[in-house]
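The structure under discussion appears below in the form of structure tokens.
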Amino acid sequence: MVYSRASVRLPNFLFTRVRHFHCSQTVFKKPNLNSVKFPFLKDKSPIIQAYQSDEKLPFNAMRDILKVPVVTPESLDRVSFAWLDYFAENDELNLQNHIKSETPEQFWMKTIRVAISDQQIMPQIVGFIRRNLKKKSFHVPESIGEIMVSSLIYSGHYKHAFNVYKDLLSYKESVNWNLILDVCLVLPDGSPLRVFETIHRDRNEGLYLKIISHLQRLKLKEQYIHSWNNKLVLLGDFPKDSSAPMNPVFNSMVETNNFRSFENCLKHMVRHLKREDIPHWLDDETSKYIAMCVKNAKDPASKVSHFISLYTPGSFKAQFFATLLHQTKIPSKKIMKLVSRAKIPENDTAIIEGKCKRLADSDPQAFWAYTDKNVEQLPPLKISIQILSLYLQNSDKLINAMNFAKDLILKYPEYTFKLARAFIMGVTNKAIETNHLAHHQLIAEFENFLRKEKLMSDEIENYLVFSELKLRHFESALMRIERLLAKPNAIIERGTIENTGRILSKNSRKLPRTFTAHGESQDHYIMRLILRMNNKCDEVSPQTWNVFLKQIIKNFDHTEVEKFCLEVIDCVKSQTELNFNSANAGHPLRLIFDDKLITSIMLHGLKDPLEPWSGLATLSKLQAKGVYIPMNLMKKRIIEVFRTSGLPNSDKKKVNSKVFITSNLGIDLILQKINEIEQSMSGTEQRV
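Position one of the sequence shown corresponds to residue 4 (the working numbering), numbered consecutively onward.
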């Protein structure tokens with residue numbers, strides 16, 4: 004320890020008043036630091052906002068960050084006396100009694116203030132803490148070292164702060180660096196950061212991830228975090244095993260167009276990696292950011308040569324060069340030479356994809372010629388779908404797209420579904436975009452081809468249904484659905500059911516009457532159709548049923564609402580093993596009948612002037628079927644309605660437009676019904 008050499012003499016310090024230091028007072032000279040300086044934070048508001056406990060009081064780092072309370076001089080004198088008495092008599096039992104006279108936390112926080120204010124007693128207190136930190140009898144807080152170092156920095160005692168760090172924290176495995184860093188950042192000058200630099204250099208373990216992640220949690224400005232990132236990298240403090248942990252910062256640099264900072268960071272990292280003889284560690288995601296940097300450079304060819312010279316071609320994967328082929332104007336020959344040096348085969352899927360995209364953008368005729376000539380050499384699926392999507396982007400090439408898809412399907416029948424899906428949805432989107440009926444005819448021709456080759460499947464039929472729905476060909480879509488329903492073993496996918504319900508509900512008035520039963524409304528037919536389709540589906544998501552039931556409440560009377568709710572429960576039970584408590588948040592019935600839907604069902608019943616309690620009766624039936632009903636919430640909501648309608652100055656017209664309840668109609672009867680129904684549901688008599 005290196006502290007003041009003055010000895011501790013009891014008579015001189017027993018009645019000493021405690022001195023308080025302002026954070027701007029600098030007692031010792033600043034440490035002699037190297038030229039690399041951590042960035043000073045000008046805007047303190049994010050830290051203040053994160054820590055300030057009372058907005059009415061001025062922000063104080065000791066109180067708000069370190070949680071060291073402000074205390075009276077008299078109470079500090081008592082703690083100071085306890086320590087002086089201990090150092091004079093070495094009576095541990097007496098010191099323990101002093102600690103017990105207050106809470107241990109209060110005693111040690113006051114001890115920190117005593118140590119900061121009286122530099123002659125500080126060495127003895129620090130030595131005691133170091134020796135007795137793990138003794139339970141003294142209740143020393145685990146974080147006392149960090150708080151003491153931070154407090155000394157706050158008080159301007161920079162040299163003492165570093166010495167206390169050496170004594171209490173240099174050997175500690177897990178240090179809470181956030182406390183020390185936050186105090187250094189929030190103070191009004193840069194001197195505290197110089198202390199943190201000294202501590203950082205003394206600490207052998209890397210602090211990069213701890214510092215950067217903490218700055219991100221504080222939501223400091225991106226440019227400021229970039230500056231910290233580069234300073235740490237310059238000092239060699241960054242993950243050496245992979246660049247993956249640094250990708251969030253790299254992504255931020257690229258998104259904010261801070262390419263200069265990004266390049267400097269990579270340059271300094273390479274210097275340290277080569278010096279320490281560490282293998283190149285470029286992550287695939289990092290390579291993507293380098294490609295974006297090359298793309299945005301004024302001279303992409305020179306920029307890629309610069310990065311290749313830093314990392315060698317073998318550090319980059321095929322996707323990196325494919326991005327250069329597609330998104331830059333670097334000559335293809337130059338890129339392919341780099342591909343060869345990286346020992347990547349020219350027929351790699353990503354490389355072929357990059358070539359095709361470059362040709363499609365720069366020379367469409369060459370692209371069509373290339374794909375027609377080399378269709379036999381193309382990889383079977385991924386690149387084929389990519390090329391097919393490029394065809395589909397051009398309305399004049401949709402016939403080419405269909406022929407291309409046919410050729411690939413005949414060559415690779417096992418990929419029929421994925422290629423057919425890509426073609427159907429691509430042409431559908433183009434038809435919506437251009438409002439061109441001929442595009443729909445292409446889908447029909449493609450469907451005939453699949454049927455002729457006996458390659459049609461229920462999965463493809465589902466996408467044809469979706470295509471018809473998106474194109475507003477409702478009669479054709481319903482005919483396809485009815486055909487699927489008529490097939491014994493047909494499969495209707497969950498997405499088809501969800502899209503059918505969503506699109507048809509919005510266009511119910513446009514549905515042809517040919518499918519509805521006599522006297523049946525379109526809305527009623529849609530809901531019946533959804534229930535029938537569900538029988539052909541392995542599973543419909545609870546969220547889908549939730550949306551459908553809310554739609555039913557809007558369009559049907561309460562008797563129909565109750566009927567549909569019970570049918571949905573039966574459908575779900577027939578498909579899912581419901582062997583755990585229905586009150587569980589993940590239970591399918593709880594997800595379907597959430598609090599909002601249950602409240603809507605109850606309030607929907609109030610619209611019946613003859614039986615306004617019918618909603619509660621429905622909830623009773625739902626609970627009997629296994630649905631969790633939060634009765635306290637229901638009682639609270641319905642009583643809120645009654646109170647609103649019973650106020651003398653309330654707008655009864657507004658209330659009664661939603662609920663047929665007034666202050667003199669049925670309230671007592673409703674309350675009686677609530678208790679009767681709740682009693683039948685819970686088995687115990689409760690009164691409102």
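Every residue, glycine too, gets a C-beta built ideally from N, C-alpha and C. All figures in this text were calculated on a predicted structure; none of them were measured in a lab.
Asked: For G608 versus G618, is the C-beta spacing smaller than 7 Å?; Found: yes
Asked: Give me, in chain order, the residues of the same chain whose beta-carbon lies closer than 6 Å to that of K306; leave out the 5 immediate sequence neighbours on both sides.; Found: V297 and A300
Asked: Along the chain, where does the alpha helix (DSSP H) that runs through W180 open and close?; Found: W180 to V189
Asked: With DSSP collapsed to three states, give me the class of C359.; Found: helix
Asked: Classify P195 as buried or exposed, calling it buried when 16 or more other Cβ atoms lie within 10 Å of its own Cβ.; Found: buried
Asked: Under DSSP, the alpha helix (DSSP H) around W86 begins and ends at which residues?; Found: P76 to E92
Asked: Could you give the distance in angstroms between the alpha-carbon of R206 and the alpha-carbon of S173?; Found: 7 Å
Asked: Going by DSSP in three states, V550 sits in which element: helix, strand or coil?; Found: helix
Asked: What does the alpha-carbon distance come out to for the pair R274 and E356?; Found: 34 Å
Asked: Quick one: what does DSSP say F324 is sitting in, helix, strand or coil?; Found: helix
Asked: Rounded to whole angstroms, what's the CA-CA distance from K175 to H217? Just pull it up for me.; Found: 20 Å
Asked: Flag this pair as yes or no: are the beta carbons of P151 and I115 separated by less than 7 Å?; Found: Going by the sequence as given, residue 151 is Met instead of Pro. Yes, they are a contact pair.
Asked: From A493 to D461, what distance separates their C-alpha atoms?; Found: 6 Å
Asked: Cβ of I495 within 7 Å of Cβ of M536?; Found: yes
Asked: Can you tell me the Cα-Cα spacing of K224 and N166, whole angstroms?; Found: 32 Å
Asked: Whose C-beta lies closer than 7 Å to the C-beta of R483 among residues of the same chain, with five residues either side of it excluded?; Found: E464, L467, V468 and E471
Asked: Rounded to whole angstroms, what is the Cα-Cα separation between S318 and L235?; Found: 23 Å
Asked: Is the separation between the beta-carbon of L401 and that of L453 shorter than 7 Å?; Found: no
Asked: Would you kindly report the start and end of the unbroken alpha helix (DSSP H) that includes N432?; Found: T419 to T437
Asked: On the three-state DSSP scale, how would you describe T106?; Found: coil
Asked: Roughly how many angstroms lie between the CA atoms of V189 and V39, to the nearest whole one?; Found: 20 Å
Asked: Go ahead and pull the three-state DSSP assignment for T499.; Found: helix
Asked: Taking S153 and I124 to be in contact with their CB atoms under 8 Å, please state how far apart those CB atoms are, rounded to whole angstroms.; Found: So it is not a contact: roughly 19 Å between Cβ atoms.
Asked: Please report the distance separating the alpha-carbon of A363 from that of I601.; Found: 55 Å
Asked: Taking contact to mean at least 3 C-beta pairs separated by less than 8 Å, is the region 74-82 in contact with the region 94-113?; Found: yes
Asked: Can you give me the C-alpha to C-alpha distance between L44 and Q226, rounded to a whole angstrom?; Found: 11 Å
Asked: Given this structure, state the Cα-to-Cα distance separating D94 from E145, to the nearest angstrom.; Found: 23 Å
Asked: Could you tell me the distance, in whole angstroms, from the CA atom of D57 to the CA atom of P191?; Found: 20 Å
Asked: Which term fits Q626, buried or exposed, when burial requires 16 or more other beta carbons within 10 angstroms of its beta carbon?; Found: buried
Asked: Sort I604, T499, F449 and T315 by Cα distance to K566 and report the nearest one.; Found: I604
Asked: For the ligand GDP, any of its heavy atoms closer than 6 Å to the Cβ of I402?; Found: In terms of ligand content, the structure shown is empty, and the ligand GDP therefore cannot be addressed.
Asked: For P303, does the count of other Cβ atoms within 10 angstroms reach 16, so buried, or fall short, so exposed?; Found: buried
Asked: What is the DSSP secondary structure of L212, reduced to helix, strand or coil?; Found: helix
Asked: Are the beta-carbon atoms belonging to E570 and L534 less than 7 Å from one another?; Found: yes
Asked: May I ask you to report which of helix, strand or coil DSSP gives V71?; Found: coil
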